[in-house]
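Take 13 as the starting number for the sequence shown in my numbering and just add one per residue.
Even for Gly, the Cβ is constructed at its ideal location relative to N, Cα and C.
In what follows, a structure is listed as structure tokens, so that the remarks can point back to it.
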Amino acid sequence: MGKPFLLFPTAGGDAEEIERFKMIETLAAPIAEGRIKIYSCDSVAGRTMLAREGSAAHQMYILNAFQDFVYHEVVPAIRHDCESQDMEIAIAGSSIGAFNALACICRFPHVFSHAICMSGTYDLQRFIDGAPTHDFYTASPVHFIPNLHGQHLEQLQKRFVLIPSGEGKAEDIQESWRVAKVLGAKGIPNRVDSWGSEWDHDWPTWRNMLVRYIDELFPHHS
13 MGKPFLLFPT AGGDAEEIER FKMIETLAAP IAEGRIKIYS CDSVAGRTML
63 AREGSAAHQM YILNAFQDFV YHEVVPAIRH DCESQDMEIA IAGSSIGAFN
113 ALACICRFPH VFSHAICMSG TYDLQRFIDG APTHDFYTAS PVHFIPNLHG
163 QHLEQLQKRF VLIPSGEGKA EDIQESWRVA KVLGAKGIPN RVDSWGSEWD
213 HDWPTWRNML VRYIDELFPH HS
């Protein structure tokens, strides 16, 4: 049984996005070797924010509700498929998908073991046309991480967040460094990797990143 791996789509994406953009093809070797088992879901919250559907309060409600949906619906479905009620899950995503991956491992560290957050946008407040609500602060890791304590924080300190970013077209590696500072201040293991200016905010970058980091974190044992 390979490590279950939940991949979040980009803001406007859906569960099939990883097939259309050849991510599954790129990961063919670790899948075939039984190292990983890939799952995905639609980006409901990302599409809602991208389209500016409804009020700002509604968008923030959907953001929080999406993460709850992942925990209460997607995680049990993955565990049922893996025939294990306590199997830990790795997560990854790019762009807004990186935000969701970070948020989920930080909110539910007893479920998720690793997060690979590629080319992420982590402070969504600038995309919200209104004052932040309780839903927003509950769902936004850069806002709720500083307040974590106790057993929740202790569990999260046993996890690992990988934060790679290119520095080419449409990339902003400062987003990665800012979130790394927030994580580091609470003793949460993390690493920022710069891929340099030749890597843009696009699928070729993320395909190369994910296969490299899966090889690093879940290597093939002959």
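**OP:** Please classify H92: is it buried, with 16 or more other beta-carbons within 10 angstroms of its beta-carbon, or exposed?
**Re:** With fewer than 16 other Cβ atoms inside 10 Å of its own Cβ, H92 counts as exposed.
Original post:
What span of residues does the alpha helix (DSSP H) with D227 cover, start to end?
Top reply: Secondary structure note for D227: its alpha helix (DSSP H) is the uninterrupted segment W215 to L229.
Subject >> Residue environment, N159, which counts as buried when at least 16 other CB atoms sit within 10 Å >> reply: By the 10 Å Cβ count, N159 comes out exposed.
Subject >> Per-residue burial, Q79 [other beta carbons within 10 Å of its own, 16 or more giving buried] >> reply: When all chains shown are included, Q79 counts as buried.
Subject >> Runs of alpha helix (DSSP H) wholly within the stretch 73-144 (minimum 4 residues, chain order) >> reply: Every alpha helix (DSSP H) of 4 residues or more that sits fully in the stretch 73-144 is shown, in chain order, as 87-93 and 108-119.
Original post:
Quick one: is W218 buried, meaning 16 or more other Cβ sit within 10 Å of its Cβ, or exposed?
Top reply: Under a 10 Å Cβ-count criterion, W218 is classified as buried, with 16 or more other Cβ atoms of the shown protein chains found around its own Cβ.
Subject >> Close-in-space but distant-in-sequence residues of the same chain around D212 (CB under 7 angstroms, 5 per side omitted) >> reply: Shown here for D212: same chain residues with a beta carbon closer than 7 angstroms to its own, the five before and five after excluded, namely G178, G180, K181, A182 and E183 in chain order.
Subject >> Residues of its chain near G46, where Cβ-Cβ distance is below 8 angstroms and the 5 sequence neighbours each way are ignored >> reply: Taken in chain order, the residues that qualify are M13 and G14.
Original post:
Which residue spans inside the stretch 145-203 form an unbroken beta strand (DSSP E) run of at least 3?
Top reply: As summarised for the stretch 145-203, the continuous beta strand (DSSP E) elements at least 3 residues long and confined to that stretch are 172-177, given in chain order.
**OP:** Apply the 10 Å Cβ neighbour rule to E31 and answer buried if 16 or more other Cβ atoms are within range, or exposed otherwise.
**Re:** Exposed.
Original post:
By DSSP, does P16 sit in helix, in strand, or in coil?
Top reply: Shown here, P16 sits in a strand according to DSSP, grouped into three states.
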